[in-house]
Every structure is written in C-alpha cells, then in structure tokens.
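Below: the structure, in structure tokens.
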Amino acid sequence: MSQENLDATADQPDDHGLARARELVNAAAHVLVFTGAGMSAECGIPTFRGAGGLWNRFRAEDLATPTAFARDPRLVWEWYGWRRGLVTSSRPGRAHAAVAERAARGGLTVVTQNVDGLHERSARDRGVPPHHTIALHGSLFRTRCTDCGNVEWDESTVDSSGEETLPRCELCGSLLRPDIVWFGEALDPELLERAFRSAREADVCIVVGTSARVEPAASIPRVTRAGGRAVIEINPESTSVSSRERLAFRGGAEDWLPRLLE
Ligand code: BV8
Ligand code: ZN
1182 MSQENLDATA DQPDDHGLAR ARELVNAAAH VLVFTGAGMS AECGIPTFRG AGGLWNRFRA
1242 EDLATPTAFA RDPRLVWEWY GWRRGLVTSS RPGRAHAAVA ERAARGGLTV VTQNVDGLHE
1302 RSARDRGVPP HHTIALHGSL FRTRCTDCGN VEWDESTVDS SGEETLPRCE LCGSLLRPDI
1362 VWFGEALDPE LLERAFRSAR EADVCIVVGT SARVEPAASI PRVTRAGGRA VIEINPESTS
1422 VSSRERLAFR GGAEDWLPRL LE
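The numbering used here applies: residue 1182 is where the sequence shown begins, and numbers increase by one.
Shown next as structure tokens:
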C-alpha cells in the first residue's frame, strides 16, 4: 500500500478509517508495533513528557545519565527502585494483551522504548517467544556491574537508604547499576540492527504512545514510511509522526489497539 493510497483518509479517522487500517494490518505479513510510555499509561505507569509526565517533576540530567549516576548513585537508585516498585504492582493491560494475542498468531514484532517489561509479561502469559519483543532501552529488572559488566535479572526491592546498601555485584563486589540505556549512551547495536531490520521489512508500522522525540528510536517509523509502507499512529496527542501521517487515531492505547488488532 503506497502513501498515496493513505492520503484519502481523514486525519481523524472515522469508521471507514478504522476499517482501512484494519485491512492494512490484516493484509500485512509483517506488522511492527513501536511503543513508548503511553502504551503503559493506562496501567498506572506515568509517561515522561506531557501532563503528569515524570520529566515535569524530575530532571532527566539528574537521574538518567551516566554523569548523574557517577555523582549520586543513591539518588539514581532511589528513582529506579521507586519505578521498579510501581511496575511490580502493575499488570499488563488490554493494549498489551491485544498485541501479544496477535503476536501469538505470528508475523508481529514489538519494538519498545519502555523498560517496564509489560510487553514481555503479556507475551509470556500467551506462550509467545521472547524474541518477538525488542526492548531498546533496557529493563528496570536487570542490573549491570559497573566494573565487570555482568548482567543479572533482579526483581528485588532496592534499599537505597545509603550508599552502602546499594546493590553490589556477586562476582566482583562492585556497584551495580540499572541495565538501562541512559541519555548519551549507545544502544545495544545488535538490538538496534534488529529493530531497524523490522522497520524495513514491516508492511505496516503501528506507533503507540510515544512522543517520538528520543533518537535513534524515533527514526524507526520513518524507515517504514521511507519504504513506502503504512504508518498508523495511536496517541491522544499529535506528534511528529502524525503530522505526516493520515492514519492517526486520537485516544488511548487500550481503546484503539484491541479494535485495530482483533
Ligand atoms: C545516543 C531510559 C549516542 C531512561 C531513555 C538526534 C537529534 C537530537 C538528539 C539526539 C539525536 N541522537 C541522539 C540524541 C541524544 C538523545 C536524544 O534523543 N535526545 C532528545 C531527547 C533530544 N539520545 C540519546 O542520548 C541516546 N543515545 O544517541 O547515544 C552514542 C553513540 C555511540 C557511543 C555513545 C553514544 C539514548 C536515548 C535513550 C534514553 N533513555 N530511557 C529511563 O527509562 O529511565 S529515554 C525516555 O524517553 C524514556 O525512557 C523513553 O524510553 C523515551 C521515549 O519517551 P516516550 O516513550 O516517547 O514517552 P513520552 O513521555 O515522551 O511520550 C508519551 C506519549 O504517550 C505522549 O505522546 C502522550 O501523548 C502519549 N500517551 C499518553 N497517554 C496515552 C498515550 N498514548 C496512548 N495511550 C495513552 N493512554
Ligand atoms: Zn562485577
């Protein structure tokens, strides 16, 4: 389906727009679902930007950079420990379920900027193999040693009451850090390559709940579009993705994704 074919669709799709988008998705051999924080908003996990966003209350430079961790690891661990707790008490929602159910039928890859693991949990519940989800920015539930680089799965409660209580490497005793990609750090080249390959191979890319401002992830839908394939957006607000896209569904992920993928 070429871009010209989509241009007939209104910016705010009506029932016809939904029918058209569903046609595209159903005809696709390879669907890419590209998600951001809005995907988990209805599960009670705050987004970063916009009303109620974390970056309104906290500064990214103080919490999500290697410099911040070097300066005050206790503060950074307090923030990630709080977020780990928030996610532990949350559950994947209807939007995650719709994606996982379609992935179980095959032909769907998720590329997510989220570190909450909710796509993975939802997929696991349905027996979908983990490689269907590419988590570009890491995980709240993994640690990495600042010295030997050892990576471990870790769901425990973080004690950030003092620097001496912070998690330590079981191999070498050095300080552990969250295994998350911070601003100014390189993304895993293998994951990035897989994500961009999916974008090139996708017949349709569904962009859900991202302000599309953080690079290089934000370029993923552009790659699908550059190949002449359709990009569908689900977001209550307009973004740089929708300004070029006619198939933009204004509203929450839980409202639109199940209708699009059922
Ligand atoms: C790197 C970890 C190089 C933190 C995160 C090109 C141009 C300009 C700048 C750059 C560039 N290339 C690189 C940069 C610098 C920087 C960058 O992009 N800066 C931007 C902000 C200007 N990028 C980097 O630093 C990257 N690294 O480039 O390294 C390099 C190379 C070699 C060697 C060394 C270095 C690393 C970026 C990774 C940053 N890490 N995550 C953490 O999670 O604790 S970023 C942070 O933003 C989040 O974690 C998230 O992953 C990411 C994206 O945010 P969104 O998911 O989009 O969330 P946001 O809140 O913005 O939007 C939510 C949306 O949901 C809204 O649109 C809202 O309307 C919508 N919504 C709300 N409710 C709902 C909803 N949608 C649907 N349903 C709802 N119910
Ligand atoms: Zn170590």
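Yeah, the Cβ is synthetic: ideal placement off N, Cα and C, and Gly gets one too.
> Quick one, what's near the ligand ZN if you take every residue whose CB is closer than 6 Å to any heavy atom, in chain order?
Replying inline: With the cut-off at 6 Å, the residues found are Cys1326, Asp1328, Cys1329, Asn1331, Cys1350, Leu1352, Cys1353 and Ser1355.
> With distances taken from CA atoms, which of Ser1221, Ala1278 and Gly1319 is nearest Ser1271?
Replying inline: As a working mapping, residue 1271 is identified with position 90 in the sequence shown. Checking every option, the nearest Cα to that of Ser1271 belongs to Ser1221.
>> What would DSSP say about Val1248, mapped onto helix, strand or coil?
In response: Counting from 1 along the sequence shown, the entry for residue 1248 is found at position 67. Checking the sequence shown, residue 1248 turns out to be Thr, not Val. If DSSP states are grouped into helix, strand and coil, Thr1248 belongs with the helices.
>> With a threshold of 7 Å (Cβ to nearest heavy atom), would Phe1471 be considered close to the ligand BV8?
In response: Beyond the ends of the chain as shown, which are 1182 and 1443, falls residue 1471; an answer cannot be given.
> Heavy atom of the ligand BV8 less than 7 Å from the Cβ of Arg1230, yes or no?
Replying inline: Taking the sequence shown and counting its residues from 1, one reaches residue 1230 at position 49. Yes, the beta carbon of Arg1230 sits closer than 7 Å to at least one heavy atom of the ligand BV8.
> From Ala1208, Leu1199, Ala1200 and His1197, pick the residue whose C-alpha is nearest to that of Ala1383; which is it?
Replying inline: Taking the sequence shown and counting its residues from 1, the one referred to as residue 1383 is at position 202. It is Ala1208 whose Cα lies nearest to the Cα of Ala1383.
> Of all the options Gly1225, Trp1260 and Thr1248, which has the alpha carbon lying nearest to the alpha carbon of Phe1239?
Replying inline: If you number the sequence shown from 1, residue 1239 lands on position 58. The shortest Cα separation from Phe1239 among Gly1225, Trp1260 and Thr1248 belongs to Trp1260.
>> Contact defined as beta carbons within less than 8 Å: I believe Asp1291 pairs with His1313. What is the distance between those atoms, to the nearest angstrom?
In response: As a first step, residue 1291 must be located in the sequence shown, where it is residue number 110. As a first step, residue 1313 must be located in the sequence shown, where it is residue number 132. In the sequence as displayed, the identity of residue 1291 is Val instead of Asp. Contact flag correct, Cβ pair sits at about 6 Å.
> Taking 7 Å as the line, does the beta carbon of Leu1265 fall inside it for any heavy atom of the ligand BV8?
Replying inline: If you number the sequence shown from 1, residue 1265 lands on position 84. Before going further, note that residue 1265 is Arg rather than Leu in the sequence given. Outside the cutoff, so no.
>> Nearest by alpha-carbon distance to Leu1442: which of Val1395, Ala1278 and Arg1394 is it?
In response: Residue 1442 sits at position 261 when you count from the first residue of the sequence shown. The candidate whose alpha carbon is nearest that of Leu1442 is Ala1278.
>> As an exercise, report each continuous alpha helix (DSSP H) stretch of at least 4 residues that is fully enclosed by the stretch 1343 to 1429, in chain order.
In response: 1370 to 1382 and 1401 to 1407
> So is Trp1437 buried or exposed if we call it buried at 16+ other beta carbons inside 10 Å?
Replying inline: Taking the first residue of the sequence shown as 1, we reach residue 1437 at position 256. So Trp1437 counts as buried.
> Counting contacts by CB-CB distance shorter than 8 Å, is Ala1393 in contact with chain D?
Replying inline: Going by chain labels, chain D is absent from the structure shown, which holds only one protein chain.
> Tell me, which residues are paired with Gly1319 by DSSP?
Replying inline: Mapped onto the sequence shown, residue 1319 falls at position 138. The bridge partners DSSP lists for Gly1319 are Ile1361.
> Over what stretch of residues does the alpha helix (DSSP H) that includes Thr1269 continue unbroken?
Replying inline: The count along the sequence shown starts at 1 and reaches residue 1269 at position 88. Segment Pro1254 to Thr1269, the alpha helix (DSSP H) holding Thr1269.
> Three or more beta-carbon pairs under 8 Å between the stretch 1219 to 1237 and the stretch 1398 to 1414, yes or no?
Replying inline: Segments in contact, no.
>> Quick check: is any heavy atom of the ligand BV8 less than 7 Å from the C-beta of Ala1279?
In response: Locating residue 1279 in the sequence shown gives position 98, counting from the first residue. Every heavy atom of the ligand BV8 is 7 Å or more from the Cβ of Ala1279, so no.
> Count the other CB atoms within 10 Å of the CB of Asn1237; is the residue buried (16 or more) or exposed (fewer)?
Replying inline: To locate residue 1237, count along the sequence shown from 1; it is residue 56. Flag for Asn1237 reads exposed.
> Are the CB atoms of Pro1397 and Leu1368 nearer to each other than 8 Å?
Replying inline: Against the sequence shown, residue 1397 aligns to sequence position 216. Against the sequence shown, residue 1368 aligns to sequence position 187. Contact: yes.
> Hey, Ala1434 and Gly1390 are a contact pair by Cβ (cut 8 Å); roughly how many whole angstroms apart?
Replying inline: Counting from one through the sequence shown, the residue named residue 1434 turns up at place 253. Counting from one through the sequence shown, the residue named residue 1390 turns up at place 209. About 5 Å separates the two Cβ atoms, so the contact holds.
> Quick one: what's got a C-beta closer than 7 Å to Ser1341's C-beta in the same chain, skipping five residues either side?
Replying inline: Counted from its first residue, the sequence shown places residue 1341 at position 160. Closer than 7 Å at Cβ, skipping near neighbours: Arg1255, Trp1258, Glu1259, Gly1262 and Leu1347.
>> Helix, strand or coil, according to DSSP, for Val1214 in the structure here?
In response: Sequence index remark: in the sequence shown, residue 1214 carries index 33 (1-based). Strand.
> Exposed or buried, which one is Glu1345 when buried takes at least 16 other CB atoms within 10 Å?
Replying inline: As a first step, residue 1345 must be located in the sequence shown, where it is residue number 164. Per the 10 Å Cβ criterion, exposed.
> For Asp1188, which residues from the same chain have a beta carbon less than 8 Å from its beta carbon, with the 5 sequence-adjacent residues on both sides left out?
Replying inline: The residue labelled residue 1188 in the question sits at position 7 within the sequence shown. Any answer about Asp1188 is weak, because its pLDDT of 32 lies below 50 and its placement is not dependable; what the coordinates show is given next. Residues of the same chain with a CB within less than 8 Å of the CB of Asp1188, apart from the 5 flanking positions on each side, are Arg1427 in chain order.
>> For Ala1376, tell me which candidate among Ala1251, Thr1324 and Thr1216 has the shortest Cα-Cα distance.
In response: Along the sequence shown, read from residue 1 onward, the residue named residue 1376 stands at position 195. Nearest C-alpha to Ala1376: Thr1216.
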